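S.K.:
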Amino acid sequence: MKCFVKVFAISFIFFVLLFSGVLIAIFEKVEKAIESHEAVILVDGKEDVEEKNNTIKISFAGDCTIGYDERSSYAYSLPFVLEKQNNNYGYFFEKVKPVFEKDDLTIVNLENPFTTSIKRRDKQFCFKGELSYANILRAGSIEMVNIANNHIYDYSKEGFLDTIQILKNANIYYSGENYIAYYEVRDITIASIGYRGWSTYIKPNVSRDIKKAKEKADIVLVSFHWGDENKNYPNDVQKNLGRFAIDEGADIVVGHHPHVIQGIEKYKGKYIVYSLGNFCFGGNKNPRDKDTFIFQGEFTVIDKKITKIQGNIIPCSISSVNNINNYQPTILEGDEKQRVLNRIYDYSNKLKYGISPREI
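By our numbering, the letter at position 249 of the sequence shown is numbered 265, and the numbering carries on one by one without gaps.
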């Protein structure tokens, strides 16, 4: 009898320890997911692996001028800061790299050429960066750039071609200016298209390119460099083009150029992010408005079809300090995070299809 009781007691203790271990494992998984802001779906105690493996997370950020205007003073310019950081290319995106490293693709708007050209165009502001500055993008876990904007030709065609070559050498994908980028993630193909969206006259090109992209891609991204500078609301051209792109088959539309943030629409179940604002912006040493954000789109693709699109806003500042632009975008927390979220929701609320907090 004593032997039986002893065996029973040992078995009971073993069962309790085993059950506790399972619970601890589950709680650890849930806690880890909460910390990373990811949803956990449990089916009979197991994560829904199929949906997770078929969900693609893409991060979008705004205007990145990785250089400066050589007619302005060198002091406190982006190259000046790089020199003070002992040419540490990782400095500029180190505060947001933890976000970019965990996604499947990061896209920013590259607002300058990387070039040795001296053929400066005759305009007020012309930006350029050294050829080596492409390493700043790589160090920041940025895999793709939009090059359709009003500064990519600041140093003429020579500067543009230098940029294309250096991006290729750095293994950074690029879209815009008649280039469609295709990017593969776990057998899912992503296409990225970019335009300078000053007029609705580009609609035939948008329609043609989206149709072409959809022949190969499961997810189609469209970037527009558009809008009015320093305006927090999209103009009629922006709204017209953005909704048109969705009508033609784009799965998300993101915009930049105003240098300030604008609202977001959810049109036919798909997001139109009208302006992301500046990001790593070497074009201004101390802009008055330093608010910006990263927009993340999560696309669940089952059998080559998108079954779900979920958006996420990550409020940021273009600088890690308030008194100057140190070209180091930084994620905001607490009251500052909520303040920027409130701005985005306020701007969105005035749009026909504007998002509300419950839609993010």
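Beta carbons: idealized from backbone N, C-alpha and C, even for Gly.
Since we're looking at a predicted model, the values are computed, not measured.
Taking C-beta to C-beta, are residue 219 and residue 260 nearer than 8 Å?
M.R.: The answer is yes: Cβ separation under 8 Å.
S.K.: Determine the closest residue to residue 352 out of 342, 341, 336, 268, with distance taken between C-alpha atoms.
M.R.: Nearest C-alpha to residue 352: 336.
S.K.: By the three-class DSSP mapping on this structure, what secondary structure does residue 229 have?
M.R.: It is helical.
S.K.: Do residue 289 and residue 311 have their CB atoms nearer than 8 Å?
M.R.: Yes; because the gap between Cβ atoms is below 8 Å, this pair is in contact.
S.K.: CB residue 240 to CB residue 258, shorter than 8 Å?
M.R.: Yes, they are a contact pair.
S.K.: Does any residue of chain C have a CB that is nearer than 8 Å to the CB of residue 212?
M.R.: Given the protein chain composition of this structure (a single chain), no chain C is represented.
S.K.: Let me make sure I understand the geometry here. Which of 189, 267, 138 has the alpha-carbon closest to that of residue 230?
M.R.: Answer by Cα proximity: 267.
S.K.: Inspect the beta-carbon positions of residue 315 and residue 71 and report whether they are closer than 8 Å.
M.R.: Yes, Cβ-Cβ distance for residue 315 and residue 71 is below 8 Å.
S.K.: Roughly how many angstroms separate the alpha carbons of residue 286 and residue 87, rounded to a whole number?
M.R.: The alpha-carbon atoms of residue 286 and residue 87 are separated by roughly 42 Å.
S.K.: Where does the unbroken alpha helix (DSSP H) through residue 237 begin, and where does it stop?
M.R.: From DSSP, residue 237 is part of no alpha helix (DSSP H) but of the beta strand (DSSP E) over 235-241.
S.K.: Taking the beta carbon of residue 200 as the centre, do at least 16 other beta carbons fall within 10 Å, making it buried, or is it exposed?
M.R.: Exposed: under 16 other Cβ atoms inside 10 Å.
S.K.: What's the C-alpha gap between residue 156 and residue 191?
M.R.: Between residue 156 and residue 191, the C-alpha separation is close to 19 Å.
S.K.: Out of 278, 148, 225, point me to the one whose CA is closest to residue 247's CA.
M.R.: Of the listed residues, the one whose Cα sits closest to residue 247 is 278.
S.K.: Below 8 Å on the Cβ atoms is my contact criterion, and I expect residue 123 with residue 76 to pass it. Report the Cβ-Cβ distance as a whole number of Å.
M.R.: Right, the Cβ-Cβ distance comes to about 5 Å (below 8 Å), so this counts as a contact.
S.K.: Three or more C-beta pairs under 8 Å: does that hold for the region 83-100 against the region 297-306?
M.R.: Flag = yes, the region 83-100 and the region 297-306 touch.
S.K.: Give the secondary structure of residue 325 by DSSP, where H, G and I count as helix, E and B as strand, and everything else as coil.
M.R.: Reduced to three states, the DSSP call for residue 325 is strand.
S.K.: Quick one: using the 10 Å Cβ neighbour count with 16 as the cut-off for buried, is residue 170 buried or exposed?
M.R.: Classification for residue 170: buried.
S.K.: If we count the other Cβ atoms within 10 Å of its Cβ and call it buried at 16 or more, is residue 114 buried or exposed?
M.R.: The residue in question, residue 114, is exposed, as its Cβ has fewer than 16 Cβ neighbours within 10 Å.
S.K.: What does the Cβ neighbour count give for residue 90, buried or exposed, with the cut at 16 atoms within 10 Å?
M.R.: The residue in question, residue 90, is exposed, as its Cβ has fewer than 16 Cβ neighbours within 10 Å.
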